[in-house]
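Participant: By our numbering, the letter at position 153 of the sequence shown is numbered 331, and the numbering carries on one by one without gaps.
Could you have a look at this structure, given as C-alpha cells, before my questions?
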Amino acid sequence: MHLFKSKNNNKLFTALLCLLISAFIPVQSYADGFTIVSANTQLIKNVYQLEAKIDLNFSDDALEALRSGVPLIILLNIEVLKDRDWWWDKTIAELEQGYLLLYHALSEKYIIHNLNSGAQNNYVSLNAALYSLSNVREFPLIDKNLLEKGDQYYARIRTYLDIESLPAPMRPIAYISSQWQLESDWYSWPLKH
Numbered sequence: 179m180h181l182f183k184s185k186n187n188n189k190l191f192t193a194l195l196c197l198l199i200s201a202f203i204p205v206q207s208y209a210d211g212f213t214i215v216s217a218n219t220q221l222i223k224n225v226y227q228l229e230a231k232i233d234l235n236f237s238d239d240a241l242e243a244l245r246s247g248v249p250l251i252i253l254l255n256i257e258v259l260k261d262r263d264w265w266w267d268k269t270i271a272e273l274e275q276g277y278l279l280l281y282h283a284l285s286e287k288y289i290i291h292n293l294n295s296g297a298q299n300n301y302v303s304l305n306a307a308l309y310s311l312s313n314v315r316e317f318p319l320i321d322k323n324l325l326e327k328g329d330q331y332y333a334r335i336r337t338y339l340d341i342e343s344l345p346a347p348m349r350p351i352a353y354i355s356s357q358w359q360l361e362s363d364w365y366s367w368p369l370k371h
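What follows is the structure, given as C-alpha cells:
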C-alpha cells in the first residue's frame, strides 16, 4: 500500500512534518523569559543579605496552565564562589530557593508558597504576585566569617521554571516547547568584604 501516493496524503504528510519540525524549533518571543535585572549584597550583622530584581515574563502557555489550576514552581539558584587565578573557581556556598505559584479558583487569589520556609502569601492579582516574586529582599546569603580575608569572592544567581514539577502528562510537551523553557542567565557580582 502506498500511503503517500495521492495528493491529499502528500499534503497531510507535509502538514505533519511541518508540525513536527516546529515543535523542535524555538519560536519564543523576546518578551517571554526570565531575566535577572540586578543583584547585590549588603553586610548586615556579619551576614551578607541578597537584594535582587527579576523580570518574570511567563509565556502564554504557562499563564494559561496557571489559570487552569496547574501550580508552577520557580527556583532561584544562588552561589558564592572564591575567585582563583590558576584553577577553577571554588564554590563556597550553594543555595536553592523555591517558590510555588498557584491560582486558587474559588477565592480568585494567587498564592505564593515559599518552599524553604513554608511561608505563604495570598494576592488579589497575578501582577501583585509576580511583583512579590520579582523582588528578593533581605535574603540571608552567607556569614562573613566563612570568607577568608584577602581572597576575592563573588556571588551569582539565576532563576528558572521547574519543568520537573509539572504534572506528568504536561512534561513531554514542556521539554520540547520553547513556551516552557523559561530561565535566566547567570548574573554575577563581587562580594565586598
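For glycine and all other residues, C-beta sits at the position ideal for the given N, C-alpha and C.
Note that this is a predicted model, so its numbers are computed, not measured.
DSSP three-state label for S207, please.
Facilitator: Translated into positions along the sequence shown, residue 207 becomes position 29. Here the model assigns S207 a pLDDT of 39, short of 50, so the residue's position is not dependable and the matter cannot be decided.
Participant: Just reading off the alpha helix (DSSP H) that R262 is part of, what are its end residues?
Facilitator: Start at 1 with the first residue of the sequence shown, and residue 262 comes out as number 84. Where R262 is concerned, there is no enclosing alpha helix (DSSP H), given that its DSSP letter is neither H nor E.
Participant: Measuring CA to CA, which of K370, W364 and P368 is closest to Y213?
Facilitator: Position 35 of the sequence shown, counted from the start, is the residue given in the question as residue 213. Here the sequence assigns Thr to residue 213, which means Tyr is not the residue at that position. It is W364 whose Cα lies nearest to the Cα of T213.
Participant: Taking buried to mean at least 16 other C-beta atoms within 10 Å of its own C-beta, is E257 buried or exposed?
Facilitator: As a working mapping, residue 257 is identified with position 79 in the sequence shown. Result: buried.
Participant: Between S295 and L273, what straight-line distance do the alpha-carbon atoms span, to the nearest angstrom?
Facilitator: Mapped onto the sequence shown, residue 295 falls at position 117. Mapped onto the sequence shown, residue 273 falls at position 95. Straight-line Cα distance between these residues: approximately 13 angstroms.
Participant: In terms of residue numbering, what span does the beta strand (DSSP E) encompassing E272 cover?
Facilitator: Here residue 272 corresponds to residue number 94 of the sequence shown, with the count starting at 1. First-last of the beta strand (DSSP E) with E272: K268 to H282.
Participant: Can you give the Cα-Cα distance for L253 and G328, rounded to whole angstroms?
Facilitator: Here residue 253 refers to the residue found at position 75 when the sequence shown is read from its first residue. Here residue 328 refers to the residue found at position 150 when the sequence shown is read from its first residue. Approximately 32 angstroms between the Cα atoms of the pair.
Participant: Whole angstroms are fine: how far does the CA of E326 sit from the CA of A352?
Facilitator: Translated into positions along the sequence shown, residue 352 becomes position 174. Translated into positions along the sequence shown, residue 326 becomes position 148. Each residue's Cα considered, the two are about 43 angstroms apart.
Participant: Can you check whether the CB of H291 is closer than 7 angstroms to the CB of L278?
Facilitator: Counted from its first residue, the sequence shown places residue 278 at position 100. Counted from its first residue, the sequence shown places residue 291 at position 113. Yes. Within cutoff.
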